[in-house]
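J.: Below is the structure I would like to discuss, written out as structure tokens.
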Amino acid sequence: MGKGRAGRVGTTALPPRLKEMKSQESAAGSKLVLRCETSSEYSSLRFKWFKNGNELNRKNKPQNIKIQKKPGKSELRINKASLADSGEYMCKVISKLGNDSASANITIVESNATSTSTTGTSHLVKCAEKEKTFCVNGGECFMVKDLSNPSRYLC
């Protein structure tokens, strides 16, 4: 009893669902990877990437951005990220069974090593007692007082 139904379990294909993408903050010059993954085994999946609502394709994609398609996922790689790469990135998966999308914000900040700004918009202050645990191995904690990002710490 029920043998006929047992053979059908798992044969109903579901629309693809994307896993959540994580927003990232990274220094200028670094490499980032955004993964657009689905748990669907459906082979005819198409992926599209968008930045700030505009589709990234061969004609308008910056040279430092590469898009790779693999079974069940697509990766957007940003090499040597610059401030211009900051924005909202969205991945859309398209199939005959339905569509889904996921997005993440990418924030690129100037690298401290290459920054030569002397505008006086930030300076170092010793950390408060509760923040001193930020530094390990006896390092001295400093907070970067920055107008754009009030909670960065250095050791």
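Following the UniProt record's numbering, the numbering of the sequence shown begins with 1 at its first residue and continues without gaps. Beta carbons: idealized from backbone N, C-alpha and C, even for Gly. Because the structure is a prediction, the values reported are computed rather than measured.
1) Buried or exposed: which applies to residue 81, given that a residue is buried once 16 or more other Cβ atoms fall within 10 Å of its Cβ?
2) Of the choices 37, 91, 140, 49, whose alpha-carbon is the least far from that of residue 71?
3) Would you list, in sequence order, the uninterrupted beta strand (DSSP E) runs of no fewer than 3 residues that lie entirely inside the stretch 22 to 91?
4) Is it right to say residue 34 is buried, meaning 16 or more other beta carbons lie within 10 angstroms of its own, or is it exposed?
5) Can you name the residues that DSSP bridges to residue 13?
6) Taking 7 Å as the CB-CB cut-off, is residue 80 touching chain C?
7) Using C-beta distances below 8 Å, list every residue in its chain close to residue 43, excluding the 5 sequence neighbours before and after it, in chain order.
8) Are the stretch 48 to 59 and the stretch 84 to 104 touching, with three or more C-beta to C-beta distances below 8 Å?
9) For residue 23, I'd like the list of residues in its chain whose CB is within less than 8 Å of its CB, leaving aside the five on either flank, ordered along the chain.
10) For residue 126, which of helix, strand or coil comes out of DSSP?
11) Counting along the chain, where does the beta strand (DSSP E) carrying residue 101 start and finish?
12) Could you check the C-alpha separation between residue 32 and residue 13 for me, to the nearest Å?
T.: Let me lay it out:
1) In the sequence shown, residue 81 corresponds to position 81, counting from 1. Looking at its Cβ environment, which holds 16 or more other Cβ atoms inside 10 Å, residue 81 is buried.
2) Translated into the one-based positions of the sequence shown, residue 71 becomes position 71. Among 37, 91, 140, 49, the Cα nearest to that of residue 71 belongs to 37.
3) For the stretch 22 to 91, whole beta strand (DSSP E) runs of length 3 or above, ordered along the chain, are 24 to 27, 32 to 37, 46 to 51, 65 to 70, 73 to 78.
4) Here residue 34 refers to the residue found at position 34 when the sequence shown is read from its first residue. Buried: at least 16 other Cβ atoms inside 10 Å.
5) On the sequence shown, position 13 is the one that residue 13 refers to. Residue pairing by DSSP leaves residue 13 without any beta bridge partner.
6) Of the chains in the structure shown, none is chain C; there is only one protein chain.
7) On the sequence shown, position 43 is the one that residue 43 refers to. Excluding sequence neighbours, residue 43 sits near 71.
8) The stretch 48 to 59 makes contact with the stretch 84 to 104: 3 or more CB pairs, one atom from each, lie closer than 8 Å.
9) For the purposes of this step, residue 23 is identified with residue 23 of the sequence shown, where counting begins at 1. 104, 105, 106, 107.
10) On the sequence shown, position 126 is the one that residue 126 refers to. Residue 126 sits in a strand when the DSSP states are folded into three classes.
11) As a first step, residue 101 is located in the sequence shown; it is residue number 101 there, counting from the start. Here the beta strand (DSSP E) through residue 101 covers 98 to 109.
12) In the sequence shown, counting from the first residue as 1, residue 32 sits at position 32. In the sequence shown, counting from the first residue as 1, residue 13 sits at position 13. Cα to Cα, residue 32 sits roughly 33 Å from residue 13.
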